[in-house]
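J.: I have a structure here, written as structure tokens, and I will follow up with some questions on it.
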RNA sequence: GGAGAGAUGCCAGAGUGGUUGAAUGGGACGGUCUCGAAAACCGUUUUACGCGCAAGUGUAACGAGGGUUCGAAUCCCUCUCUCUCCGCCA
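In the working numbering, the protein residues as written are 5 to 427.
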């Protein structure tokens, strides 16, 4: 969530930036300032009365020690009346604080100045393209046909065992998954990221910390018996590693990577977009996360984009990088670059990575802070990016590299896959 | 799943109703000493919020939430987690 002090000092600016995100309830900004005014006033009132009560209680203790019971009893009466006058103040304060927090949490992050205006994915701005679109053989087919032809993925079996969107990977299909995960992780570790294997279920506090709750409650699978959520991305457990921590400035940047399965309910999606590997309920992804000094987050963001670009280039896939427009960005992000690869047989671009700077929006929720040179605690910034989401990469690898008799894998994968072709 | 024990500051660990935000030890940081280091010695070392230009000061927090009391780290209840034993099990 946005920092309260920042909202107070920049109320008009916040409202203006929120418009770029197509956030209509800008009156919430004024509500927050008003609630905070009330909170301050009420808290002063509470604190002052409580101070009197504390002082009187201390006196009672001293009087009792001296054996002056009469006077002590009188004091008790005094405290009792102070307490009863405090009661409604305490309730009012609790109500205000609750409302303030609930309102604060409803405000999305404000977009950075680099974010282009716009409402739909059509308004996203292409930053650059790379790689070459392949020329496919005349009888080229989409990945779901290739997956069947080479016995790599069994969607029907997934339907039987779980439901749609939960495919089985078989034989070389399974091995390709394993090779990609291993390759992506090694690529990140070589760049200085520390590997974690996190739990894939998280508690409420973690889901709140990265912003999945309360905003995207319906998008996560919820194990209600234990109140755990299946993670939609490794971002959730990994960023939360540092929740409620104050790190040393020297410890920054913190660079982490993790492979996890990801679970998304994708309520409401159907049709062509969900065919084959295009949109699944369970998929594999390697994620990178950084916790950084606030002055460095934008430089880090660019560095992460280059890192992922290098990874995509090594896979020899045609790609493009987009800057998401205000209307297409996530609730929590200040700036997001999306990576898309071109799926040659489907003839469309598929999103395979999203690299975002959250500034202090997540870290303010999680209270991930550091002590600066002056000994002052400040919020860190957090960033993350997919490196990469597997299914659509697999879709493109299969489609773009198909020949009449096999699928040619990029060099980078040969040693991981143990072969240069799938046949 | 059953029985028992426990959860205190960066860590270890005292504290069982009244100046305890918290003894003591360790660590970390700063200083003295040293050519430098070690050792020794001195000092500093939680966070959030309110008021204040500031120094400072008030309130809250001893796993979380509630309760008892004039007063709770200390007593009671619920929950979470950890440990030990039994059961089950990859």
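Cβ coordinates follow ideal geometry from the N, Cα and C atoms, glycine included.
Is DSSP giving residue 388 helix, strand or coil here?
T.: Residue state, collapsed to three classes: strand.
J.: Ordered along the chain, which non-local residues of its own chain (more than five positions away) have a Cβ less than 8 Å from that of residue 82?
T.: These residues qualify, in order along the chain: 60.
J.: Would you identify the three-state DSSP class for residue 235, choosing helix, strand or coil?
T.: If DSSP states are grouped into helix, strand and coil, residue 235 belongs with coil.
J.: Tell whether a beta-carbon distance below 9 Å holds between residue 319 and residue 401.
T.: Yes.
J.: Using alpha carbons as the reference points, say which of 90, 109, 253 and 42 lies closest to residue 51.
T.: Among 90, 109, 253 and 42, the Cα nearest to that of residue 51 is on 90.
J.: What is the DSSP secondary structure of residue 2, counted as helix, strand or coil?
T.: One cannot answer for residue 2 here, as it falls past the ends of the chain, which runs 5 to 427.
J.: Thinking C-beta only, is residue 166 closer than 9 Å to residue 286?
T.: Going by C-beta atoms, residue 286 is nearer than 9 Å to residue 166.
J.: Residue 396 lies in the beta strand (DSSP E); which residues open and close that run?
T.: Where residue 396 is concerned, there is no enclosing beta strand (DSSP E), although the alpha helix (DSSP H) it sits in stretches over 394 to 404.
J.: Expressed to the nearest angstrom, what Euclidean distance is found between the alpha-carbon atoms of residue 118 and residue 22?
T.: The alpha-carbon atoms of residue 118 and residue 22 are separated by roughly 14 Å.
J.: Does DSSP put residue 277 in a helix, in a strand, or in coil?
T.: If DSSP states are grouped into helix, strand and coil, residue 277 belongs with the helices.
J.: Run through the region 193 to 261 for me and flag every whole alpha helix (DSSP H) of 4 or more residues, listed as ranges in chain order.
T.: Segments of the alpha helix (DSSP H) lying fully in the region 193 to 261: 208 to 213 and 239 to 243.
J.: Within a Cβ cutoff of 6 Å, which residues of the same chain sit near residue 289, ignoring the five residues on either side of it in sequence?
T.: Answer for residue 289: 266, 390 and 393, listed in chain order.
J.: Taking the alpha carbon of residue 263 as the point to measure from, which residue in 65, 182 and 271 has its own alpha carbon closest?
T.: Of the listed residues, the one whose Cα sits closest to residue 263 is 182.
J.: Would you say the region 106 to 122 touches the region 327 to 336, given that touching needs at least three Cβ pairs under 8 Å?
T.: Cβ pair count under 8 Å is three or more, so yes.
J.: In angstroms with no decimal places, state the Cα-to-Cα distance between residue 225 and residue 268.
T.: If you take the alpha carbons of residue 225 and residue 268, they lie about 7 Å apart.
J.: Determine the burial state of residue 201: buried for a count of at least 16 other Cβ atoms within 10 Å of its Cβ, exposed for fewer.
T.: With fewer than 16 other Cβ atoms within 10 Å, it is exposed.
J.: Helix, strand or coil for residue 361, going by three-state DSSP, please let me know.
T.: Three-state result, residue 361: strand.
J.: Could you give the first and the last residue of the continuous beta strand (DSSP E) run that contains residue 289?
T.: Looking at the DSSP string, the run of the beta strand (DSSP E) that includes residue 289 is 286 to 296.
J.: Rounded to whole angstroms, what's the CA-CA distance from residue 423 to residue 186? Just pull it up for me.
T.: Taking the straight line joining both Cα atoms gives about 15 Å.
J.: Report, in whole angstroms, the separation of the C-beta atoms of residue 341 and residue 322, which I expect to be a contact under 8 Å.
T.: Contact flag wrong, Cβ pair sits at about 17 Å.
J.: Please confirm whether residue 169 and residue 278 have their CB atoms less than 9 Å apart.
T.: Closer than 9 Å, so yes.
J.: Whole angstroms is fine: what's the gap from residue 93's alpha carbon to residue 381's?
T.: Near 31 Å, if we compare the C-alpha coordinates of residue 381 and residue 93.
J.: Among 208, 215 and 246, which one has its Cα closest to the Cα of residue 229?
T.: Nearest option by C-alpha distance: 208.
J.: Going by the C-beta, is residue 414 closer than 8 Å to any heavy atom of the ligand PLP?
T.: This structure does not include the ligand PLP; it has no bound ligands of any sort.
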